[in-house]
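In the UniProt record's numbering, the protein residues as written are 1 to 264. We treat Cβ as the ideally placed atom computed from N, Cα and C, and that holds for glycine.
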Ligand SMILES: [Zn+2]
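The structure is reproduced here in structure tokens:
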């Protein structure tokens, strides 16, 4: 009997020791923090991974642009996903008051809903680009669907403004060689961006201003939006815009459209 108790006790103690070792409850958390050497900005800004983006830029020089010409102290403000009848008119008012020309990448479906706002964009001398009909992820589309997205939008922009744009921006920055070739065949320049102000990411006015102030260099193409899916989402960015323009000007920058900034 005693022998049995001793054996059971021994087994129990051994089990406790083994389980403690396996779970290692005394181990201090000394693992290094995750690798922070990858620039967060690049990961956030390009849906395509940064290496792939660089390789594509190299391969499709003259067609794919993340940045404009850095020889002059120019920046290009760009506004995506509109027009709408709320933020776009407010942004247009600010640009008019400040005497700034920007470039708007138009979603065809939105143009169809708010043609008078698109007409105003064109009348006030801003650049216009094609940003697909309803903002799909392009790598998920067949070639026929891709061409359709572009063509429908092109026709709608032309119907409303009588303009023919040769600028295109991919939704979410998602891109690959096949898409660029198709766009190239259709006569488009593909315009991505070098700075994303994070205007849709819940940032405050000052955070938005800081991003641009820190990252701006001659030739920067700045991505912002003129349509939000959540009410109030772009309030901070619209509030930041006049100051952003003043700050960049005080650092010697001139505002030009994308057409101008990509010229050699
Ligand atoms: Zn977009």
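What first and last residue would you give for the alpha helix (DSSP H) that runs through residue i?
i, result
"residue 92", "87 to 98"
"residue 209", "205 to 215"
"residue 179", "177 to 185"
"residue 121", "115 to 123"
"residue 233", "Element bounds for residue 233: n/a, residue is neither H nor E."
"residue 50", "50 to 59"
Reducing DSSP to helix, strand and coil, say where residue i ends up.
i, result
"residue 190", "strand"
"residue 195", "strand"
"residue 262", "coil"
"residue 251", "coil"
"residue 167", "strand"
"residue 103", "strand"
"residue 224", "strand"
"residue 138", "helix"
"residue 64", "strand"
"residue 200", "coil"
"residue 69", "coil"
"residue 256", "coil"
"residue 173", "helix"
"residue 219", "coil"
"residue 84", "coil"
"residue 245", "helix"
Taking 6 Å as the cut-off, is the beta-carbon of residue i closer than that to any non-hydrogen atom of ligand 1?
i, result
"residue 246", "no"
"residue 81", "yes"
"residue 139", "no"
"residue 50", "no"
"residue 242", "no"
"residue 171", "yes"
Starting from residue i and walking both ways along the beta strand (DSSP E), at which residues does that stretch end?
i, result
"residue 76", "74 to 80"
"residue 127", "127 to 130"
"residue 152", "Element bounds for residue 152: not the beta strand (DSSP E) but the alpha helix (DSSP H), 143 to 161."
Against chain C, with Cβ distances strictly below 7 Å, would residue i count as a contact?
i, result
"residue 60", "Here chain C cannot be found, since the structure has a single protein chain."
How close, in whole Å, do the beta carbons of residue i and residue j come, if the pair is a contact with beta carbons under 8 Å?
i, j, result
"residue 88", "residue 184", "With a Cβ gap of about 29 Å, residue 88 and residue 184 do not count as contacting."
"residue 265", "residue 129", "Residue coverage of the chain in this structure runs from 1 to 264, which leaves residue 265 outside it and unanswerable."
"residue 219", "residue 68", "4 Å"
"residue 179", "residue 138", "5 Å"
"residue 132", "residue 224", "About 18 Å; that fails the 8 Å criterion."
"residue 182", "residue 143", "6 Å"
"residue 57", "residue 227", "That pair is no contact at about 27 Å."
"residue 241", "residue 121", "Actually they are not in contact, since the Cβ atoms of residue 241 and residue 121 sit about 15 Å apart, beyond 8 Å."
"residue 205", "residue 239", "5 Å"
"residue 216", "residue 198", "Contact doesn't hold; Cβ gap of about 14 Å is too wide."
"residue 261", "residue 74", "5 Å"
"residue 107", "residue 135", "6 Å"
"residue 194", "residue 221", "5 Å"
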